[in-house]
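S.K.: Residue numbers (the numbering used here): 661 to 1328. The C-beta atom is built at its ideal place from N, Cα and C for all residues, glycine as well. Take this structure, written in structure tokens, and hold onto it; I'll ask about it next.
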Ligand code: ADP
């Protein structure tokens, strides 16, 4: 077995690999960029070496530098994690050339799966079912169109070199074909510099089901069952589960065998994933093979009781697979939810900021949290904004789903926008519970998944008001008296000879609420009456650090209160509520965020300039499209006015925070 393992990655996957290495008695070396100097993965590793500046190109993607670090620290193996260099054949070769074991497949296997068309040709020869279609070298339009006409519409055009959903176009009828092909080719050239296209039957309601395979260098291969990853947004997985619900045993076995055939066809060694589209009629088709450990591997670990990273290390060290196919069993059901710093209500735009408060659910045999961040860390523009993977397990799907919903409720993050409420809506939706799954799940159920919860106001207003009142009491009084019974020691609305009355003003979901609060009894400073219309509600509570205990009309409940200036977040048993305390306007002017430059929200590429310099545009007119973290983001006019100059052209890279253009507001 290896003595020392270098992990050429960061974040949760690096931490995940280190945990297993520690258990196996293997020393670990982490690498880190300037932005990650105090990151969790650096703290967890036995040694850590700085390899450059924050942008991945200047650190985590520098293969040669990483090899140098491995040699200098005496690491005899490198685990690439996922992303970064994990599917980079050149890097795998560099490892081999330097006598360092690459914990991944042979170079040839990575290369074979690099092009969608080439991969399909290999799979076709091996007898793995493919979506009906054309993936040949002859790119004559008439030929591709004939293939589409023959199989019938709708069809899907895909760039052979594609990835991340780019260069992909649905075509619904013969009449649309020419235009769609031209558009897909344009996109393919600009993204991959290669406009080779393939066309396949477009399945309208498929599920994404993938098989975990494992092969060793002694000719053994097994499949560790399937994962259903149908819940996707823009072809990115959101929630994954294992096993695939409502999939008959004979389909699992056939798919598992097909996946092994695919792996054998390219002499695969190590952990791999073969992705299939699983159609409503029970048929399934090969889509692609990922030649690395997948983000969603924990759900497979939960249902098989195996540690896939330890399997990877054993296989890379030349051992045989730890188990035979007939020794592998599915036990129970597991879900994984990807907790992201992003805004589902704003097209899932990645969010950045500081994790001011971070309290994951407590881990136990049912709940696992794979993360690489700590409270106080920044989620920066440089890397994927995933905060954690929340994984749950139970005996069956219903029970596991309830575990997921509960754990999501208990996941408390403050300081930036997360997809936690969206994930909770997903996990508790009837449609998900009833396995109404296909890759269009999120679009189909968007009304419910994105719904704002206005009904919460009535439920939570007393709790919000109580929070404001109790928080005020933790502030220092302006005057103090040595007499502990003196009213001067109080910071409430105490008045001599009358009951105290005050108005608490707060803002929630964009609405201002002014609530009158009375306090009759100065001997009980934490006891209030809330006047809400005709009703009076008795509220009482105590706040110790973040822990709030509230009693609202006899209903005692617990919550966690996190404050940041006027911003308040309440984590109740049921959900997180974010609101703002309105303090009186003291006439202090805030800095004017004057229009002028408009900046890039994150590192990325300028895709398109949409406005003509010097031409007047209305407020909110799209001015420029940029792409970052696989998503497009549109910069809009902040007011009526004109762009005087663009500082970048389409195709150029920009750093987060860079000024993109100069905008002059129209004089009114
Ligand atoms: P990329 O490599 O660009 O991510 P894939 O070929 O892996 O593209 O497909 C990504 C997603 O697109 C799949 O998970 C599925 O949701 C959808 N998809 C791909 N091919 C088809 C098809 N023939 N019919 C319907 N949906 C498809």
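So, with DSSP's three-state summary, where would you put residue 662?
M.R.: Counting from 1 along the chain shown, the entry for residue 662 is found at position 2. Under the three-state reduction of DSSP, residue 662 is assigned to coil, being neither helix nor strand.
S.K.: Taking 8 angstroms as the cut-off, does the segment 812-819 touch the segment 946-966 (at least 3 CB pairs, one atom from each stretch)?
M.R.: Fewer than three beta-carbon pairs drawn from the segment 946-966 and the segment 812-819 are found closer than 8 angstroms, and the two stretches are therefore not classed as touching.
S.K.: Does DSSP classify residue 895 as helix, strand or coil?
M.R.: Sequence index remark: in the chain shown, residue 895 carries index 235 (1-based). Coil.
S.K.: Does the beta-carbon of residue 863, which I'm using as the reference point, lie nearer than 7 angstroms to any heavy atom of the ligand ADP?
M.R.: As a working mapping, residue 863 is identified with position 203 in the chain shown. Yes, Cβ of residue 863 sits closer than 7 angstroms to a heavy atom of the ligand ADP.
S.K.: Run through the segment 916-968 for me and flag every whole beta strand (DSSP E) of 3 or more residues, listed as ranges in chain order.
M.R.: 930-938, 944-950
S.K.: Determine the contact status of residue 670 and residue 699, defining contact as a CB-CB distance below 8 angstroms.
M.R.: Taking the chain shown and counting its residues from 1, the one referred to as residue 670 is at position 10. Taking the chain shown and counting its residues from 1, the one referred to as residue 699 is at position 39. Yes; because the gap between Cβ atoms is below 8 angstroms, this pair is in contact.
S.K.: For residue 838, count the other beta carbons within 10 Å of its own beta carbon; 16 or more makes it buried, fewer makes it exposed. Which is it?
M.R.: For this step, residue 838 is matched to residue 178 along the chain shown. Exposed.
S.K.: Look at residue 870 and residue 886 and say whether their C-beta atoms are less than 8 angstroms apart.
M.R.: As a position in the chain shown, residue 870 is number 210, starting the count at 1. As a position in the chain shown, residue 886 is number 226, starting the count at 1. Closer than 8 angstroms, so yes.
S.K.: Excluding five sequence neighbours on each side, which residues of the same chain lie with their C-beta closer than 7 angstroms to the C-beta of residue 1030?
M.R.: In the chain shown, counting from the first residue as 1, residue 1030 sits at position 370. Same-chain partners within the cutoff: 672, 676, 958, 1048, 1049, 1051.
S.K.: Assign residue 1084 to one of three DSSP states: helix, strand, or coil.
M.R.: Mapped onto the chain shown, residue 1084 falls at position 424. Looking at residue 1084 - three-state DSSP - the assignment turns out to be helix.
S.K.: For residue 1327, count neighbouring C-beta atoms within 10 Å of its own C-beta (all shown protein chains included) and say buried if the count is 16 or more, exposed if not.
M.R.: Position 667 of the chain shown, counted from the start, is the residue given in the question as residue 1327. It is exposed - the Cβ of residue 1327 has fewer than 16 other Cβ atoms within 10 Å.
S.K.: Determine the DSSP secondary structure at residue 1120, reduced to helix, strand or coil.
M.R.: Against the chain shown, residue 1120 aligns to sequence position 460. It is helical.
S.K.: Starting from the Cα of residue 1070, find the closest Cα among 1313, 1089, 1132, 1237 and give me that residue.
M.R.: To locate residue 1070, count along the chain shown from 1; it is residue 410. Closest by alpha carbon: 1237.
S.K.: Report all residues from its chain with a CB closer than 7 angstroms to the CB of residue 1264; omit the five preceding and five following residues, and keep chain order.
M.R.: Translated into the one-based positions of the chain shown, residue 1264 becomes position 604. Within the same chain, residue 1264 has close Cβ partners 1286, 1287, 1288, 1314.
S.K.: Kindly examine the ligand ADP and report whether one of its heavy atoms sits closer than 7 angstroms to the Cβ of residue 866.
M.R.: For the purposes of this step, residue 866 is taken as residue 206 along the chain shown, with counting starting at 1. Answer for residue 866: yes, Cβ within range of the ligand ADP.
S.K.: Report back the beta-carbon spacing between residue 1186 and residue 1130 to the nearest angstrom; my notes put them in contact at under 8 angstroms.
M.R.: On the chain shown, position 526 is the one that residue 1186 refers to. On the chain shown, position 470 is the one that residue 1130 refers to. Contact flag correct, Cβ pair sits at about 7 angstroms.
S.K.: Is the CB-CB distance between residue 821 and residue 852 below 8 angstroms?
M.R.: As a first step, residue 821 must be located in the chain shown, where it is residue number 161. As a first step, residue 852 must be located in the chain shown, where it is residue number 192. Yes, these two residues count as a Cβ contact at 8 angstroms.
S.K.: Under a Cβ-count criterion, where at least 16 other Cβ atoms within 10 Å of its own Cβ denotes burial, should residue 1081 be classed as buried or exposed?
M.R.: Counting from 1 along the chain shown, the entry for residue 1081 is found at position 421. It is buried - the Cβ of residue 1081 has at least 16 other Cβ atoms within 10 Å.
S.K.: Using the Cβ count rule (16 or more neighbours within 10 Å means buried), how would you classify residue 1085?
M.R.: Counted from its first residue, the chain shown places residue 1085 at position 425. Result: buried.
S.K.: Of the residues 667, 727, 713, which one's Cα is nearest the Cα of residue 702?
M.R.: As a position in the chain shown, residue 702 is number 42, starting the count at 1. Considering only alpha carbons, the answer is 667.
S.K.: Contact defined as beta carbons within less than 8 angstroms: I believe residue 1046 pairs with residue 998. What is the distance between those atoms, to the nearest angstrom?
M.R.: If you number the chain shown from 1, residue 1046 lands on position 386. If you number the chain shown from 1, residue 998 lands on position 338. That belief holds up - the Cβ atoms of residue 1046 and residue 998 are roughly 6 angstroms apart, short of 8 angstroms.
S.K.: Could you compute how far the alpha carbon of residue 1309 sits from the alpha carbon of residue 1266?
M.R.: Taking the first residue of the chain shown as 1, we reach residue 1309 at position 649. Taking the first residue of the chain shown as 1, we reach residue 1266 at position 606. Distance from the CA atom of residue 1309 to the CA atom of residue 1266, rounded to whole angstroms, is 7 angstroms.
S.K.: Pull up the distance between the alpha-carbon of residue 1322 and that of residue 1007, whole angstroms please.
M.R.: By 1-based counting over the chain shown, the position of residue 1322 is 662. By 1-based counting over the chain shown, the position of residue 1007 is 347. Rounded to whole angstroms, residue 1322 to residue 1007 spans 25 angstroms at the Cα level.
S.K.: Closer than 7 angstroms to a non-hydrogen atom of the ligand ADP - does that hold for the CB of residue 948?
M.R.: Taking the chain shown and counting its residues from 1, one reaches residue 948 at position 288. Remark: the C-beta of residue 948 is in contact range of the ligand ADP, defined as less than 7 angstroms to any heavy atom.
S.K.: With a floor of 4 residues, list each alpha helix (DSSP H) that falls wholly inside the segment 667-695, ordered by position along the chain.
M.R.: Within the segment 667-695, the complete alpha helix (DSSP H) runs of at least 4 residues are 671-683.
S.K.: Going by Cα to Cα distance, which pick from 987, 875, 981 is closest to residue 933?
M.R.: As a first step, residue 933 is located in the chain shown; it is residue number 273 there, counting from the start. The option with the nearest alpha carbon to residue 933 is 875.
S.K.: Please classify residue 1327: does DSSP put it in a helix, a strand, or coil?
M.R.: For the purposes of this step, residue 1327 is taken as residue 667 along the chain shown, with counting starting at 1. Three-state DSSP puts residue 1327 in coil, outside helix and strand.
S.K.: Over the uninterrupted beta strand (DSSP E) stretch that includes residue 809, give me the two end residues.
M.R.: By 1-based counting over the chain shown, the position of residue 809 is 149. Taken as a continuous stretch (DSSP letters only), residue 809 belongs to no beta strand (DSSP E), being part of the alpha helix (DSSP H) at 801-811.
S.K.: State buried or exposed for residue 1254, treating a residue as buried only when at least 16 other CB atoms are found within 10 Å of its CB.
M.R.: Taking the first residue of the chain shown as position 1, residue 1254 is located at position 594. Interpretation of residue 1254 is limited by its pLDDT of 43, a score under 50 that renders its predicted location unreliable; the figure taken from the coordinates is listed afterwards. The residue in question, residue 1254, is exposed, as its Cβ has fewer than 16 Cβ neighbours within 10 Å.
S.K.: Can we count residue 937 as close to the ligand ADP, meaning its CB is less than 7 angstroms from some heavy atom?
M.R.: Here residue 937 refers to the residue found at position 277 when the chain shown is read from its first residue. Residue 937 Cβ: within cutoff of the ligand ADP.
S.K.: Which residues does DSSP pair with residue 614 in a beta bridge?
M.R.: Look at the range of the chain in this structure, 661 to 1328, and you will see that residue 614 is not part of it.
S.K.: Compute the minimum distance between the beta carbon of residue 895 and the heavy atoms of the ligand ADP, and state whether it is under 7 angstroms.
M.R.: Counting from one through the chain shown, the residue named residue 895 turns up at place 235. Residue 895: yes, Cβ under 7 angstroms from the ligand ADP.
S.K.: Check for me: the alpha helix (DSSP H) holding residue 1066 runs from which residue to which?
M.R.: Taking the chain shown and counting its residues from 1, the one referred to as residue 1066 is at position 406. Counting along the chain, the alpha helix (DSSP H) containing residue 1066 begins and ends at 1057-1070.
S.K.: Using only alpha-carbon positions, find the residue among 972, 704, 1028, 987 that is nearest to residue 996.
M.R.: For this step, residue 996 is matched to residue 336 along the chain shown. Looking at 972, 704, 1028, 987, the one whose alpha-carbon comes closest to that of residue 996 is 1028.
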